[in-house]
Amino acid sequence: MATETRPRPYVRPMPATWWLHNRYLFLFMVRELTAVFVGGYALFLLLLLYRFAQGPERFHAFFENTLQSPWVIGLQVVALLFVLYHTVTTCNAAPVLMTVWRGEEKVDPRLIIGANYAVWLILSLLIILVAI
Amino acid sequence: MARSNEPLWWVPFMAGAGISAFLMPATIFVTAIAVGLGWIDESGLRRLLSNPLVRVYLVVLISLSLFHAAHRLRFVLIDLLTARGALSLICYGTAIVGTLAAILIAVMG
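Top line first, the protein sequences correspond to chains A and B.
Note that the working numbering numbers the first sequence so that position 117 is 117, with each residue one more than the last.
Note that the working numbering numbers the second sequence so that position 26 is 26, with each residue one more than the last.
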């Protein structure tokens with residue numbers, strides 16, 4: 001009796017380090033990994049809301065032990081750097097993500113990028129002014 | 001061809017990309033640097049967190065940032081570990097649960 005000889009599909013090996021050998025792939029992966037900090041900080045904000053909802057005593061302890069801890073501040077500063085990279089890559093990608101037409105002509109991509117940075121700066125100033 | 005649910009996740013992903021890009025750096029500046037340097041004290045932060053508009057702001061930022069991160073990290077895990085299976089469920093599930101938790105806490109707290 002003939003044994004079945006179905007060929008096994010070839011799976012090209014792909015080591016998890018494929019993005020380390022090329023500058024563009026590396027920067028792409030850094031951009032993708034900014035999501036760790038975007039998501040992590042979102043969970044931190046959720047914790048902040050939660051501690052506030054738990055009442056003044058829990059919030060006082062959270063403020064002194066967590067928010068003022070040099071480790072937590074340091075981690076947030078690291079997160080800030082990665083989130084800034086996310087902001088820069090998102091603003092720079094804006095003309096690709098949304099093409100704006102003025103009549104028959106595409107609006108200059110540099111104008112769209114500039115407008116995004118302007119909106120970012122204005123919103124950031126507003127947030128900081130309202131908070132402080 | 002099987003119908004894909006990809007567009008459904010792409011909308012909150014892009015909304016989250018924009019919202020987190022525009023709002024998150026300044027928010028981190030407030031909770032890390034302004035609090036660290038003492039520009040905002042405990043009572044100041046409590047006053048902010050009891051403001052309904054600030055809570056709406058935080059819920060929107062938390063929710064869309066979670067959906068954004070969920071989508072990106074899903075593809076990071078596929079790219080690095082060729083992960084599949086329950087990956088989508090875990091990623092988007094966290095974002096959905098996080099959103100519901102943020103709304104509940106913001107409304108009740």
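The beta carbon of each residue, even a glycine, is placed where N, CA and C say it ideally should be.
Just so it is clear, the structure is predicted and the values come from calculations on it, not from any experiment.
Specify the secondary structure class of residue i as computed by DSSP and reduced to three states.
| i | result |
| --- | --- |
| E42(B) | helix |
| E4(A) | coil |
| R102(A) | strand |
| Y92(B) | helix |
| N116(A) | helix |
| I105(B) | helix |
| I73(A) | helix |
| Y10(A) | coil |
| R23(A) | helix |
| A86(B) | coil |
| P7(B) | helix |
| I132(A) | coil |
Who are the Cβ neighbours of residue i in its own chain at under 8 angstroms, not counting the five residues just before and after it?
| i | result |
| --- | --- |
| F26(A) | W19 and L20 |
| K106(A) | T99 and V100 |
| Y85(A) | V30, R31 and T34 |
Beta-carbon separation of residue i and residue j under 7 angstroms?
| i | j | result |
| --- | --- | --- |
| F62(A) | E42(B) | no |
| C91(B) | R72(B) | no |
| A69(B) | A79(A) | no |
| P95(A) | I122(A) | no |
| I106(B) | R46(B) | What sits at residue 106(B) in the sequence shown is Ala, not Ile. No, Cβ-Cβ distance for A106(B) and R46(B) is not below 7 angstroms. |
| A45(A) | L58(B) | This sequence places Leu at residue 45(A); Ala is not what is there. For L45(A) and L58(B), yes; Cβs fall inside 7 angstroms. |
Residues in the same chain with beta-carbon distance under 6 angstroms from residue i, minus the five sequence neighbours each way, listed in chain order, please.
| i | result |
| --- | --- |
| R31(A) | T89 |
| F59(A) | R51 and F52 |
| E6(B) | none |
Ordered along the chain, which non-local residues of its own chain (more than five positions away) have a Cβ less than 7 angstroms from that of residue i?
| i | result |
| --- | --- |
| T94(B) | L66 and A70 |
### chain A contacts from the region 15-27 of chain B (Cβ-Cβ distance under 9 angstroms)
G16, A17, G18, S20, A21, F22, L23, M24, P25, A26 and T27
### Task
Scan the region 25-66 of chain A and note each continuous alpha helix (DSSP H) run of 4 residues or more that stays entirely inside, going in chain order.
56-62
### Task
Any chance you could list the alpha helix (DSSP H) runs of at least 4 consecutive residues sitting entirely within the region 13-76 of chain B, in chain order?
42-50
### Task
Residues of the region 18-39 of chain A with a CB closer than 9 angstroms to any CB of chain B: list them in chain order, please.
W18, W19, M29, R31, E32, L33, T34, A35, V36, F37, V38 and G39
### Message
If the cut-off is 9 angstroms on Cβ atoms, which residues from the region 66-88 of chain A count as contacting chain B, listed in chain order?
### Response
L67, Q68, P70, V72, I73, G74, L75, Q76, V77, A79, L80, V83, L84, H86, T87 and V88
### Query
Which of the residues in the region 110-127 of chain A, read from start to end, lie with their CB under 9 angstroms from any CB of chain B?
Residues of the region 110-127 of chain A that bring their beta carbon within less than 9 angstroms of a beta carbon in chain B comprise N116, V119, W120, L123, S124, L125, L126 and I127, in sequence order.
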